[in-house]
Amino acid sequence: MARVKKHRLMSEINVVPYIDVMLVLLIIFMITAPLLTQGISVDLPKAPAEALDPDLLKENEPLVLSIDREGRFYLNIGDKVEDPVDDETVLMKVSAIVRQNPKTPVLVKGDRSVEYGRVVIGAALLQQAGAAKIGFLTDPADVEKARKR
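One rule links them: number in the working numbering = place in the sequence shown (from 1) + 1.
Structure below.
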């Protein structure tokens, strides 16, 4: 009589393919993580100001005019947000957006070391474009320190 041999089930898991997948994913995340942080590097001044209303920001995405330390303007709209724009382009793009949606929040994000006149020119351009209210972005400061001054 022929004896039937029963095969036992293997109870071990081969983890080598999972390690390979994990390493590939790690490399992908290491390469893409620096690319996800985009925008203009601006050292904001500190001020004890109230935060913006989150409901307003949910309804309309804010339009931000960034001014770097060299005084160049950047807008957070369009395809090339990291390319500086000239005064006429700021005026043209902002007026088109404000005409389309007058409730769009308009904010100025000026570097701490930029000269004050350049920030004023940026705010004036936004007003000429039709922005009724303009806000200024700052880093939160210690309120107690600001009151002692």
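For each residue, glycine too, the CB sits at the ideal point set by N, CA and C.
- Judged by DSSP secondary structure, SER67 falls within the beta strand (DSSP E) whose first and last residues are 64-68.
- Relative to ASP140, the option among VAL22, GLY123, LYS134 and LYS110 whose CA is nearest is LYS110.
- Cβ atoms of GLY131 and VAL91 stay farther apart than 8 angstroms, at about 12 angstroms.
- Under the three-state reduction of DSSP, GLY111 is assigned to strand.
- By the C-beta criterion, the region 72-80 is judged to be in contact with the region 109-126, since at least 3 inter-stretch pairs fall below 8 angstroms.
- In this chain, the alpha helix (DSSP H) harbouring GLY123 covers 117-129.
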